[in-house]
Amino acid sequence: MAAPAQKRKTRARQAETQLGLVRRARRMNRELAVAFPDAHCELDFTSPLELAVATILSAQCTDERVNLTTPALFARYPDARSYAEANRAELEEYIRPTGFYRNKTTSLIGLGQALLEQYDSELPHTLVELVRLPGIGRKTANVILGNAFGVPGITVDTHFGRLVRRWQWTSEEDPVKVEHLVGALIDRKEWTMLSHRVIFHGRRVCHARKPACGACILAKDCPSFGIGPTDPAAAAKLVKGPEREHLLELVGR
Numbered sequence: 003m004a005a006p007a008q009k010r011k012t013r014a015r016q017a018e019t020q021l022g023l024v025r026r027a028r029r030m031n032r033e034l035a036v037a038f039p040d041a042h043c044e045l046d047f048t049s050p051l052e053l054a055v056a057t058i059l060s061a062q063c064t065d066e067r068v069n070l071t072t073p074a075l076f077a078r079y080p081d082a083r084s085y086a087e088a089n090r091a092e093l094e095e096y097i098r099p100t101g102f103y104r105n106k107t108t109s110l111i112g113l114g115q116a117l118l119e120q121y122d123s124e125l126p127h128t129l130v131e132l133v134r135l136p137g138i139g140r141k142t143a144n145v146i147l148g149n150a151f152g153v154p155g156i157t158v159d160t161h162f163g164r165l166v167r168r169w170q171w172t173s174e175e176d177p178v179k180v181e182h183l184v185g186a187l188i189d190r191k192e193w194t195m196l197s198h199r200v201i202f203h204g205r206r207v208c209h210a211r212k213p214a215c216g217a218c219i220l221a222k223d224c225p226s227f228g229i230g231p232t233d234p235a236a237a238a239k240l241v242k243g244p245e246r247e248h249l250l251e252l253v254g255r
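The sequence shown runs 3 to 255 under the working numbering.
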């Protein structure tokens with residue numbers, strides 16, 4: 003049975019106006035900026051094409067595994083033509099550690115061919131053009147736009163969708179609807195960094211199965227506070243990542 007304070011909090015959330023939601027979302031974004039001042043894309047790349055390739059490889063694979071795989075890959079395939087003309091069996095071996103390597107090989111070869119034939123080997127920098135390329139959906143396109151071209155975009159990956167629903171910014175499951183609804187809450191110039199901050203928070207604090215509620219800087223604004231341990235000491239043990247000490251200092255641990 004929920005405690006009276008929790009019931010009041012639930013009723014307050016249910017009665018939250020759109021303006022109240024906007025203010026709460028922007029306040030949470032500011033708190034995340036304090037928590038993760040160095041939030042960034044965790045895929046290693048030096049060019050838009052490298053970022054596109056790395057993002058394609060990151061499907062159903064950790065960023066860490068992708069980053070271990072791409073140095074040799076990028077050295078062997080430095081441009082669109084090299085992917086377009088790649089030997090399939092050889093390319094598959096380079097990317098095998100990332101999983102689903104046959105499908106990903108098809109995407110990379112197709113991407114190289116499309117860039118060669120349609121864009122003079124250069125990656126386009128509009129959403130409409132990017133999503134027409136093999137292997138690039140809306141999520142990947144927003145990663146490329148925000149991190150390679152400086153065009154604001156919201157990346158709705160598993161962490162992002164999970165957290166914004168947990169925070170009751172939206173109840174939508176469809177990534178495109180989530181992108182548009184969250185985009186309406188946060189200033190456009192903040193979209194790319196918001197994506198990084200939310201993803202960092204999901205990986206380090208707000209875990210899927212056992213979030214570190216008692217060590218979370220967003221506790222006062224989170225309608226789901228209490229689904230994980232609220233005891234500060236217990237919650238502190240769940241916080242991960244290189245920012246751990248900084249995050250615990252922010253909540254007084």
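Virtual Cβ for every residue (Gly too), placed ideally from N, Cα, C.
Whole-angstrom distance between residue j and residue i, CA atom to CA atom
| i | j | result |
| --- | --- | --- |
| Leu118 | Tyr85 | 10 angstroms |
| Val188 | Arg28 | One detail in the question is off: residue 188 reads as Ile in this sequence, not Val. Going from the Cα of Ile188 to the Cα of Arg28 covers about 6 angstroms. |
| His203 | Arg167 | 14 angstroms |
| Cys63 | Gly101 | 7 angstroms |
| Phe227 | Ser60 | 30 angstroms |
| Ala237 | Ala41 | 22 angstroms |
| Ala77 | Pro39 | 31 angstroms |
| Tyr96 | Ala217 | 41 angstroms |
| Pro244 | Ala37 | 12 angstroms |
| Ala35 | Gln120 | 39 angstroms |
| Thr160 | Cys43 | 15 angstroms |
| Ala5 | Pro126 | At Ala5, the pLDDT of 47 sits below 50, so the modelled position is not reliable; the number obtained from the coordinates is stated separately. The straight-line gap from Cα to Cα measures roughly 54 angstroms. |
| Gly114 | Thr19 | 48 angstroms |
| Val130 | Lys179 | 17 angstroms |
| Gly254 | Lys212 | 20 angstroms |
| Ala186 | Gly22 | 13 angstroms |
| Leu75 | Asn105 | 16 angstroms |
| Pro234 | Glu251 | 12 angstroms |
| Glu33 | Phe47 | 28 angstroms |
| Glu52 | Asn89 | 19 angstroms |
| Glu92 | Asp65 | 22 angstroms |
| Arg13 | Ser109 | Because the pLDDT at Arg13 is just 46, under 50, the model does not fix this residue reliably, and the value given afterwards should be weighed accordingly. Roughly 48 angstroms between the two C-alpha positions. |
| Glu247 | Cys208 | 16 angstroms |
| Arg26 | Pro73 | 41 angstroms |
| Tyr103 | Lys222 | 43 angstroms |
| Glu192 | Glu181 | 13 angstroms |
| Ala17 | Thr232 | 25 angstroms |
Beta carbon of residue i nearer than 8 angstroms to that of residue j
| i | j | result |
| --- | --- | --- |
| Thr142 | Ile58 | yes |
| Met30 | Leu249 | no |
| Asn144 | Thr157 | yes |
| Arg206 | Lys239 | no |
| Glu94 | Thr107 | yes |
| Ile146 | Ala54 | yes |
| Ala116 | Leu135 | yes |
| Cys224 | Trp171 | no |
| Pro177 | Arg140 | yes |
| Phe151 | Ser197 | no |
| Gly137 | Thr194 | no |
| Val24 | Leu45 | no |
8 angstroms contact criterion, which residue i and residue j should meet: CB distance rounded
| i | j | result |
| --- | --- | --- |
| Pro154 | Arg190 | 5 angstroms |
| Thr71 | Pro50 | Not confirmed; about 19 angstroms, so no contact. |
| Gly230 | Ala210 | Not confirmed; about 10 angstroms, so no contact. |
| Ser123 | Ala56 | The Cβ separation is near 18 angstroms, so there is no contact. |
| Glu174 | Leu165 | About 13 angstroms separates the two Cβ atoms, so there is no contact after all. |
CB contact below 8 angstroms: residue i versus chain D
| i | result |
| --- | --- |
| Ile201 | You won't find chain D in this structure, because it holds only one protein chain. |
4 or more residues per run - each alpha helix (DSSP H) lying fully within the segment 94-122: 103-120
Segments of 4+ residues assigned as alpha helix (DSSP H) that fall wholly inside the segment 120-178: 129-132, 140-150, 160-168
Minimum length 4: unbroken alpha helix (DSSP H) runs contained in the segment 43-84: 50-59, 65-78
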